[in-house]
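Single-structure report; data block below.
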Amino acid sequence: MGRSRKSSLLLVAMLLIASVMAGCQKQTQGGTGAAAPSPQMPAPETPSVRSVKHAMGTTQVKGTPKKVVTLFQGATDAALALKVKPVGAVESWIEQPWYHYIRAQMEGVTNLGSENQPDLEKLVALQPDLIIGAKTRHEKIYPQLSAIAPTVMLDEVHIWKDTLKVSAEAMNKQAEAEQWLADWSKKVADFKSKMGDKLKLEAGIVDFRVDHARIVYTGFSALVLEELGIPRPVSQRGTEWGIQLTSKENIPQMDADIIFDQTSMTRTDGRVELRKSWSEHPLWKNLKAVQNNRVFIVDAATWNNGSGPLAAVEMLNDLYEFYGLNK
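Counted from 1, the sequence shown has number 979 at position 95 by the numbering used here; the numbering is strictly sequential.
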């Protein structure tokens, strides 16, 4: 019995050893000859996927995009504000290829041509992983853009805080956007605190074009002025973009305590000459802003065309100077 018991125990031990060795060999070979992952080396995490709601629906965006394309001016501005340099962008309306206020940050960016008709062949060649466009500009080519890369769209090109929010969500830069807006809120509060009674002065926005003058009701500059607490004349408020004036007899409609003139003074299409003609008219000289030397020619790139957070800061800096405030 003693010898039989010892033999049995020896047999069990040998079977256990054989089983352990077989298990080790299976783990090493994996049944296909491939090594199994080490417990100390976890598999890489799959990038998170976000559902980004935008003007054309919902788009799935993976991780943090590295190659971003921006198809309108405000989107380019917003990307730069969030420290993301686009790989491609549409060229600026003036000061081509890029506005002076952002040019230093745009070195190496591929010019995709017109905002209204971007060069899709160049865009495809960039192999982007995110495209940011605007419904008002790119609705018809949205299916083509979406086939190239995940694409998000803004309703309008000038509502800069919406552009910042959607762009940040798509680029996985929400924290950076929140910090930027917090800093902006401090700037706004500082400006208002220093304005005092000057906030009672009503400001108008005008813009001379080739064959008419405009009184601007809404748009990028109007949004910024509103947030800063700068009032507008009652007759110059509305939900439409504004009105066109085709006759000098309508000049009195421009009357305001202050006039911000966002005419693009670098164009050679005749608008500068039209402005000169109107500003020499007696009715222009009777305007309150003119008589009090409160007509300010502003930078069209930052007050009108840029339509992004960086342009808003440039506007604010101008306003400190125009109102004689210390920063």
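Using N, Cα and C, we set each Cβ at its ideal position, and we do this for glycine too.
| Check | Outcome |
| --- | --- |
| Which residue's Cα is closest to the Cα of Ala1106: Lys951, Ala1195 and Leu1209? | Ala1195 |
| Quick one: grab the DSSP three-state call for Gln1128. | strand |
| Please classify Ala1033: does DSSP put it in a helix, a strand, or coil? | coil |
| Alpha carbon to alpha carbon, how far is Ala1184 from Val968? Give it in angstroms, no decimals. | 24 angstroms |
| Go ahead and pull the three-state DSSP assignment for Ile978. | coil |
| Would you tell me roughly how many angstroms separate the C-alpha atoms of Asp1003 and Leu1083, rounded to the nearest one? | 45 angstroms |
| Please return the same chain residues whose Cβ sits closer than 6 angstroms to the Cβ of Gly1192, not counting the five positions on each side in sequence. | Gly958, Asp961, Ala962 and Trp1044 |
| Just the C-alpha distance for Gly947 and Asn1056, rounded to the nearest angstrom, thanks. | 7 angstroms |
| Count the other C-beta atoms from every protein chain shown that fall within 10 angstroms of the C-beta of Arg1159, then say buried if there are 16 or more, exposed otherwise. | buried |
| Might you give, ordered along the chain, the residues of its own chain that have their beta carbon closer than 6 angstroms to the beta carbon of Val974, omitting 5 neighbours on each side? | Leu955, Leu996, Glu999 and Pro1002 |
| For the 8 angstroms Cβ check, are there 3 or more pairs between the stretch 1154–1171 and the stretch 935–943? | no |
| For Val1094, which residues of its own chain have a beta-carbon under 8 angstroms away from its beta-carbon, when the five flanking residues on both sides are left out? | Asp1153, Gly1154, Arg1155 and Leu1158 |
| Please go through the same chain and pick out, in chain order, the residues whose beta-carbon is closer than 7 angstroms to the beta-carbon of His1165, but skip the five residues on each side of it. | Lys1132 and Ile1135 |
| Hey, which unbroken runs of the alpha helix (DSSP H) at 4 residues or more fall wholly within the stretch 933–991? | 957–965 and 984–987 |
| Do you know whose CA, among Gln1011, Trp1162, Leu1112 and Ala988, lies nearest Leu1029's CA? | Gln1011 |
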